[in-house]
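Some notes on the structure that comes next.
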Amino acid sequence: MRAAASELPTFPFTTANGSGDVERILRLRDEQPISRVLLSGQPVWLVTTYADVQAVLQDPRFSLARAIEPDIPRLGILEMPPGLLITTDPPQHTRLRKLVAKVFTARGVERLRPRVQEVVDRLLDRLPEAPPPIDLIEHFAAALPIEIICEMLGVPESDRADFQEATEFILSVTGRSGDEVQAAWVRLCEYIAALVAEKRARPTDDLLSLLIAARDEGDRLNEYELVLFGLTLLTSGYETTKNQLANSVLALLDEHPDQWRRLVEHPELVPSAVDELLRYVPLFGFSVIFPRVATAAVELSGATIGEGDTVLVALTSANRDAAVFDAPDSLDLERDDNCHLAFGSGVHRCLGAQLAKIELEIGLTGLLQRFPNLRLATGEVAWKTGAFIRSLHALPVTW
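Each number in the working numbering comes from the position in the sequence shown (counting from 1) with 7 added on.
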């Protein structure tokens with residue numbers, strides 16, 4: 008028998024820090040792997056083991072499109088529109104991804120590696136110009152991905168500060184009014200729409216121009232789809248990489264300074280270290296990603312998830328599951344066959360995963376080589392509250 012709604016714990020369990028109540032989710036994984044909790048006052052399922060999280064991510068019966076319907080409980084303030092890659096199901100999702108994947112081939116993304124290296128080198132050259140301590144987020148972790156993604160989209164440098172502010176508003180879970188979040192969304196939509204019109208009239212060698220030209224057997228992205236995809240690239244290509252880089256550096260300097268020294272001495276470990284940090288460091292503020300809705304009854308580890316039920320999957324918990332990872336709570340920079348789910352799984356696996364890893368690898372390598380004695384300049388850092396992406400207010404460092 009299901010517990011009465013009044014008896015269920017309310018999720019998020021806490022918003023007091025940057026990671027949500029990770030420890031409580033990990034306890035649930037061990038005690039009650041599939042649990043009922045309240046989200047926006049409505050009962051939902053919280054799925055916590057690696058096997059079950061992967062099953063939900065890969066099973067087409069768990070719909071992202073259904074999750075944006077009215078009255079479905081959600082994590083954020085923004086009402087997500089239909090047509091985004093993360094709000095569509097096959098066959099619509101298949102069509103969209105097939106069109107845009109032509110631009111995100113492994114070879115195409117690898118061609119960006121030299122440019123990422125140039126940006127990293129220039130940003131690191133500038134760091135000593137300001138006396139330490141400096142905020143590593145402002146001067147490096149945020150500056151790198153915003154420059155790369157805006158160059159890819161053809162966004163002028165003068166407009167990038169507005170983008171940074173707007174994306175933070177859009178990804179608010181609490182702490183911003185609905186009007187503020189919606190206004191930021193509209194502002195970005197209008198900007199991207201104007202940019203699409205400009206690129207269509209005068210194509211250049213950037214991602215939006217390539218997306219405008221992309222077609223498959225006569226099919227192509229329409230204006231609405233182009234705007235939404237531009238927004239998806241902007242928010243996911245900036246916020247996630249910025250915070251993963253900053254949070255990874257914090258984990259190394261604060262919790263594992265011995266591992267920082269090891270990477271300084273053995274930079275060849277950086278690629279495997281990036282994957283391990285993706286597994287080990289929670290990225291999402293409440294340890295879960297976008298809800299899904301079951302389109303049919305599904306049996307999952309002894310629980311019956313009913314048609315129409317909302318499901319949350321806890322990536323942080325899955326990535327710390329001892330059934331899959333040896334010593335899951337330890338940071339192992341040489342972990343083999345790291346099958347973490349930081350980029351998701353199935354048809355919705357992050358399209359920009361390879362670009363994110365390139366930026367993280369080159370960014371971390373640059374810091375290790377140029378600032379081997381990097382250290383925190385404060386005993387305690389402050390986390391933003393109510394953010395979908397786990398974010399620091401600042402990361403003061405010295406060397």
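Heads up, the beta-carbon is just placed ideally off N, CA and C, and yes, glycines get one too.
Item: Could you work out which residue in VAL110, THR56, THR248 is closest to LEU214 when comparing CA atoms only?; Value: VAL110
Item: What separation, rounded to the nearest whole angstrom, lies between the Cα atoms of PRO40 and ASP132?; Value: 48 Å
Item: Let me know the secondary structure DSSP gives THR22 once reduced to three states.; Value: Reliability fails at THR22, whose pLDDT of 48 lies under 50, so the model's placement of it is uncertain and the value that follows must be treated cautiously. Coil, per DSSP.
Item: Ignoring anything shorter than 3 residues, give me the beta strand (DSSP E) runs that lie fully in the region 27 to 83, in order along the chain.; Value: 41 to 46, 49 to 54
Item: Any idea what DSSP makes of MET8, helix, strand or coil?; Value: Note that MET8 has pLDDT 40, beneath the 50 cutoff, so the model's placement of it is unreliable and no number is given.
Item: Consult DSSP for ASP128 and reduce its assignment to one of helix, strand or coil.; Value: helix
Item: With a threshold of 16 other CB atoms inside 10 Å of the CB of GLN251, please say whether the residue is buried or exposed.; Value: buried
Item: Among LEU103, VAL44, ARG209, LEU130, which has the Cα closest to the Cα of HIS355?; Value: LEU103
Item: Between the C-alpha atoms of CYS157 and LEU15, what's the straight-line distance to the nearest angstrom?; Value: 44 Å
Item: Return the chain-ordered ranges of every alpha helix (DSSP H) run that is complete within the region 139 to 210 and spans a minimum of 4 residues.; Value: 150 to 160, 167 to 177, 185 to 208
Item: Looking at the structure shown, is ALA280 part of a helix, part of a strand, or coil, going by DSSP?; Value: helix
Item: Who pairs with VAL305 in a beta bridge, going by DSSP?; Value: ILE312
Item: Excluding the 5 residues flanking TYR231 on each side, which residues of the same chain have their C-beta closer than 7 Å to its C-beta?; Value: GLY90
Item: Is ASN345 closer than 8 Å to GLU283 when the C-beta atoms are compared?; Value: yes
Item: For the alpha helix (DSSP H) that LEU103 lies in, which residues bound it at each end?; Value: 99 to 108
Item: Measure the beta-carbon distance from GLN361 to VAL116 and round it to whole angstroms, keeping in mind my assumption that it falls under 8 Å.; Value: 5 Å
Item: PHE291 bridges to which residues according to DSSP?; Value: ILE396
Item: When you compare only the Cα positions, how much space is there between ALA23 and ILE177?; Value: Low confidence applies here, because ALA23 scores a pLDDT of 44, under 50, leaving its location unreliable and the question unanswered by this model.
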